[in-house]
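To keep things clear, I will list the structure first and then write my remarks on it.
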Amino acid sequence: MVVAPTAHEPAGAGTPAQAERPVTARAGALRDMMLSRSRFLWALSADVSSRGWPVMPAVYGGRPEEEAKVSAMSLAPDPADPAGPPAGTPAGTSRSTSATIQPNILRYLVVVADERGVDLRPLLKQLGLDETVMRSAALRVSYRQGSAVIRRALELTGDERLGLKVGSAQHLTAWGLLGFALMADDTLRHAIETGVKYQNLSGAMVVWSAAVGEEDDAFVLRADLPDPAMDPAVASFLSEEAFASVVTLSRLAVGPAFAPRAVEFSFPPPRELDLYEGLFRCPVRFGAPANRMVVDPAWARFRMPGRDPVSYASTLEMLDAHMTSRRDQQDLLEVLEISVAQGLPVVPSFGEQARRHATSERTLRRRLADCGTTYEALVEGVRRERVEQLLLRPELTLRDIARRAGFSDERALRRAVHRWHGASPGRLRERMRTARP
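With the UniProt record's numbering, letter number 264 in the sequence shown gets 264, and the count goes up by one each step, no holes.
Encoded structure:
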């Protein structure tokens, strides 16, 4: 594999053979952590089955006993993404508004912003994500909510490299069961492949894939954006955060000497390269066809100091069960969103939706609570996305848009748009047109 260098290659970006590796000490520490694995796994299993994923109290200051107070939450609709829905989304659906992502990135973003004197909590509260909600293991956010918080954090901090700092602040424990599985895995490559397989449980906001390169068996990890039309600043943040977190977590797992062979970003070169060089310790290329990280074969084969086949297998059983549950939740949200979108301007009643699913209203309400949302919030998200799509059609008047989106009149539409965006429909329409390529 040929990687065109466009940055300096720092000295010491070596392979395992060149690194100082106090493996015995690290392995001993990790094995000590695993001695009580039966009790640990049982506790995590109970947490997964009852409420979702373990909370991250060290990051957001939450206490487990407080978390039980929030079994489900109705998330406020998120700010608009001027680029519109991802390609392939059926007209009128709101895949990007489904709350299905664990907010690990947002939790660490709060911490990193705090260190820079910026308090993101008022912004999160506006989106329905107050501190009590953020502590909950049941919390899920949508791509658009996450993107909105990231976009505003970039503006408030003025830090263009915020993604690198958020990614490098993370720890394996933030990944809950998946982090434990990675520590117990056999090799670094296999641990990364495990992470890719269960990425939907990690809070990832990029789409990961991994493969062996065309030359010398180098291991290539790729991060694609879920929406190619995403805000460029948010896209850069997510790409940086993705690889910064992988490198940081890899060093926590196999030792501080780890360094990729090369890292490639699809966005243009930034003004300052020092942070990239200091973090990755390898050639970094910008303006590449894709976001990729190339790992030397020797590092890919490196044995994990805490490998434990029994713990690994036990953890995978629970991850598989949770994946099945997550797919069921995503299927439910998508079916309901499509049903609402196809029914507009008339919104199917909740009772009608329950009958369509051959279940009781109470059961359907509980299933939505397990997804971290309500039917009202889901309808609001679909209606909001329909309005944003219709505003991009210049031939439609506000009265036309109000009628098609199911509002009683133009005034109701204006109130809703102002509530969502803090702007009039006319101003939002102009802003969205300007933002589109």
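Positions of the beta carbon are idealized from the N, C-alpha and C atoms, including for glycine.
Range of the contiguous alpha helix (DSSP H) that encloses residue i
i: S311; result: 309 to 343
i: E115; result: 104 to 115
i: D274; result: 274 to 280
i: W420; result: 410 to 421
i: S236; result: 232 to 254
i: Y375; result: 375 to 391
i: D400; result: 398 to 404
i: R143; result: It is worth fixing the name first, because residue 143 is Tyr in this sequence and not Arg. 143 to 157 is the span of the alpha helix (DSSP H), which, as asked, contains Y143.
i: D216; result: Unbroken run through D216: none, as it is neither H nor E.
i: residue 453; result: Because the chain in this structure spans residues 1 to 437, residue 453 falls outside the shown range and cannot be described.
i: V166; result: 162 to 168
i: L368; result: 361 to 370
i: Q126; result: 121 to 126
Backbone secondary structure at residue i - three-state DSSP
i: F286; result: coil
i: T187; result: strand
i: A210; result: strand
i: R135; result: coil
i: R303; result: strand
C-beta atoms of residue i and residue j nearer than 7 Å
i: F243; j: V220; result: no
i: L344; j: L164; result: no
i: L398; j: E388; result: no
i: D296; j: R261; result: yes
i: G347; j: V340; result: Per the sequence presented here, residue 347 reads as Val, with Gly not at that position. Closer than 7 Å, so yes.
i: T173; j: R116; result: no
i: L188; j: A300; result: yes
i: F350; j: E361; result: yes
i: L390; j: R429; result: no
i: R152; j: L123; result: yes
i: A377; j: L364; result: no
i: V212; j: D224; result: no
i: A235; j: L154; result: no
i: S239; j: F258; result: no
i: N291; j: G203; result: no
Between the CA atoms of residue j and residue i - distance to the nearest angstrom
i: R433; j: P283; result: 38 Å
i: A25; j: S250; result: Only weak support exists for where A25 lies, its pLDDT of 41 falling under 50; the coordinates are left without a value.
i: I150; j: E131; result: 17 Å
i: L120; j: V379; result: 27 Å
i: Y143; j: M205; result: 7 Å
i: P54; j: G176; result: Note that P54 scores a pLDDT of 32, beneath 50, so its modelled location is shaky; the value from the coordinates is reported in the next line. Rounded to the nearest angstrom, the two C-alpha atoms are 6 Å apart.
i: residue 448; j: G195; result: Outside the displayed range of the chain (1 to 437) lies residue 448, so it cannot be described from this structure.
i: residue 439; j: L201; result: No answer is possible for residue 439: the residues shown for the chain start at 1 and end at 437.
i: L139; j: L336; result: 20 Å
i: H421; j: I101; result: 22 Å
i: P241; j: A169; result: It is worth fixing the name first, because residue 241 is Glu in this sequence and not Pro. Rounded to whole angstroms, E241 to A169 spans 10 Å at the Cα level.
i: S209; j: I192; result: 10 Å
i: G425; j: M318; result: Correcting the residue identity first, residue 425 is Pro in this sequence and not Gly. Near 47 Å, if we compare the C-alpha coordinates of M318 and P425.
i: M293; j: F180; result: 23 Å
i: V247; j: R404; result: 48 Å
i: G381; j: A369; result: 16 Å
i: E277; j: D231; result: 25 Å
i: R135; j: L106; result: 11 Å
i: F237; j: A402; result: 35 Å
i: A137; j: P226; result: 24 Å
i: A298; j: D217; result: 10 Å
i: Q342; j: E385; result: 13 Å
i: Y198; j: R431; result: 37 Å
i: residue 447; j: D308; result: Limits of the chain in this structure are 1 at one end and 437 at the other, which puts residue 447 out of reach.
i: A423; j: R415; result: 9 Å
i: R393; j: D274; result: 45 Å
i: G255; j: G306; result: 12 Å
i: A358; j: Y375; result: 16 Å
i: A321; j: D328; result: 11 Å
Integer-rounded CB distance, given that residue j should sit under 8 Å from residue i
i: F286; j: F267; result: 6 Å
i: M323; j: M183; result: In fact, because the Cβ distance is near 19 Å, the residues do not count as touching under 8 Å.
i: L252; j: H171; result: 7 Å
i: G146; j: S245; result: About 15 Å; that fails the 8 Å criterion.
i: E160; j: P270; result: 6 Å
i: G406; j: R383; result: 6 Å
i: D185; j: Y312; result: 6 Å
i: L413; j: R367; result: About 31 Å separates the two Cβ atoms, so there is no contact after all.
i: V112; j: L162; result: 7 Å
Bounding residues of the beta strand (DSSP E) (the contiguous stretch that carries residue i)
i: R261; result: It is not in any beta strand (DSSP E) - R261 carries neither H nor E in the DSSP assignment.
i: R292; result: 292 to 295
i: A224; result: The amino acid at residue 224 is misidentified as Ala; the sequence shows Asp. D224 -> beta strand (DSSP E) spans 219 to 224.
Heavy atom of the ligand GDP within 6 Å of residue i beta-carbon
i: I150; result: No copy of the ligand GDP appears in this structure; indeed no ligand is present at all.
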